[in-house]
Amino acid sequence: EATREELEIEEYVFKQFGIIPTDYDFAECIRPAFFRQASAFYSPRRKEVILPAWSPTPTQTLIHEAVHVLQDQQLDLAENDALRGFFHDRSLASGALLEGDARMITRQILQKYPYINDDRPTQPFETLPIPDPKCSFPHSLTRLFDFQYEGGLTYWQKLNERYPNASRKEVLRLFPTQTSIILQPEKTFEAPTDEICRGTKGEYARSLGVAMIQEALMTMVPEKRAMSIASDLSFDCYHATAKKVLWTSTWETTQSLTEFLYFVRRMKELSPTLFEGKFSREGVTLTFYGEKAAVSPQVR
Numbered sequence: 075e076a077t078r079e080e081l082e083i084e085e086y087v088f089k090q091f092g093i094i095p096t097d098y099d100f101a102e103c104i105r106p107a108f109f110r111q112a113s114a115f116y117s118p119r120r121k122e123v124i125l126p127a128w129s130p131t132p133t134q135t136l137i138h139e140a141v142h143v144l145q146d147q148q149l150d151l152a153e154n155d156a157l158r159g160f161f162h163d164r165s166l167a168s169g170a171l172l173e174g175d176a177r178m179i180t181r182q183i184l185q186k187y188p189y190i191n192d193d194r195p196t197q198p199f200e201t202l203p204i205p206d207p208k209c210s211f212p213h214s215l216t217r218l219f220d221f222q223y224e225g226g227l228t229y230w231q232k233l234n235e236r237y238p239n240a241s242r243k244e245v246l247r248l249f250p251t252q253t254s255i256i257l258q259p260e261k262t263f264e265a266p267t268d269e270i271c272r273g274t275k276g277e278y279a280r281s282l283g284v285a286m287i288q289e290a291l292m293t294m295v296p297e298k299r300a301m302s303i304a305s306d307l308s309f310d311c312y313h314a315t316a317k318k319v320l321w322t323s324t325w326e327t328t329q330s331l332t333e334f335l336y337f338v339r340r341m342k343e344l345s346p347t348l349f350e351g352k353f354s355r356e357g358v359t360l361t362f363y364g365e366k367a368a369v370s371p372q373v374r
């Protein structure tokens, strides 16, 4: 779970990059919106599966959540810092790893024992309406939410095709925490070479990552082009306090960085409230400094 202060930092950064609308109250809305989007969920801290009271839960969903219980027994998810927050790179990658694994195992069980699925409700799961319609997921967050399930399943399928003898437990132990790996499964077993996004005392440090940058680019360019540009992101990290946000990114090629800067300029032309700060470029490294992050004064 993330603190209110951490969510406010994420809100500021996501709004700067046009990932969420400027009038969306991310810090206030994200929890109720996120949990209503799911048909059930497992809480590593409470060690229990939370089921909705407003709609029948399909058998396949119960199996899916049971897989999360087994994952927790192996990985101790409550102590995994990568799962703090909702849509930064480590959270998205971790979610895709775990949700994709749960979907794959659930499919295998239902294919082997189809009769256990006979009692599932005939009506589809109904999402509980959010009391405040303004909290409903914007399209970008819906896509990122779905990425954890669809992208995660694709990751495991491609990984099994490429490495049929790979151990599931070994992959979970490696626990890739970058969406670039989820999108390119062949990187799973490579020696890690990426820098680690870490903050100093009093700083909140996270990566936007390839999936998030791709989502931002898709507001301006076609999906394939967005994927091409975002895939050349080598590393990024934003360090934030109550007074500033410093985002640094390194790119594979100067062309990709140039294309990303073109996107930044176009976004700024369309919405002057985006990218309120200064950009500096040196080689394939781009730095953005924002001086007025709309966050609370105490950041843990």
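For the sequence shown, my numbering gives the first residue as 75, with consecutive numbering after it.
All C-beta atoms in this analysis are idealised placements derived from N, C-alpha and C, irrespective of residue type, glycine included.
| Asked | Found |
| --- | --- |
| Limits of the alpha helix (DSSP H) - the one that S302 falls within | E297 to A304 |
| First through last residue of the beta strand (DSSP E) which encompasses K342 | Looking at the DSSP string, K342 is not in any beta strand (DSSP E); the run it does join, the alpha helix (DSSP H), is T328 to L344. |
| Extent of the continuous beta strand (DSSP E) to which S165 belongs | Note, S165: premise wrong, no beta strand (DSSP E); alpha helix (DSSP H) at D163 to K186. |
| CB contact flag (S323, V284, <8 Å) | no |
| Coil, strand or helix - C311 by DSSP | strand |
| Which of helix, strand or coil DSSP assigns to F362 | strand |
| Pair within 8 Å by beta-carbon distance, A114 and P126 | yes |
| Local Cβ density within 10 Å of E365, reported as buried at 16 or more and exposed below that | exposed |
| Alpha carbon of R355 to alpha carbon of A290, nearest angstrom | 20 Å |
| Counted within 10 angstroms of its Cβ, other Cβ atoms place K89 as buried (16 or more) or exposed | buried |
| Sub-8 Å separation of S165 and A152 beta-carbons | no |
| Per-residue DSSP class, three states only, for Y229 | helix |
| DSSP bridge partner residues for I124 (one or two, in chain order) | F115 |
| Buried or exposed by the 16-neighbour rule on C-beta atoms within 10 Å, applied to I83 | buried |
| Assigned exposure category for R213 - 16 Cβ within 10 Å defines buried | According to the sequence provided, residue 213 is His. The question's Arg does not apply to it. Per the 10 Å Cβ criterion, exposed. |
| Identity of the residue in Q134, L348 and G92 nearest L215 by Cα | G92 |
| Extent of the continuous beta strand (DSSP E) run through L218 | From DSSP, L218 is part of no beta strand (DSSP E) but of the alpha helix (DSSP H) over H213 to D220. |
| Burial state of R280 (16 or more Cβ within 10 Å) | buried |
| Backbone secondary structure at S254 - three-state DSSP | helix |
| Beta-carbon proximity of Y229 to A170, cut-off 8 Å | yes |
| Identity of the residue in C271, T274, F337 and A314 nearest A300 by Cα | F337 |
| Residues of its chain near Q288, where Cβ-Cβ distance is below 6 Å and the 5 sequence neighbours each way are ignored | A300, M301 and A304 |
| Y278, DSSP secondary structure in three states | strand |
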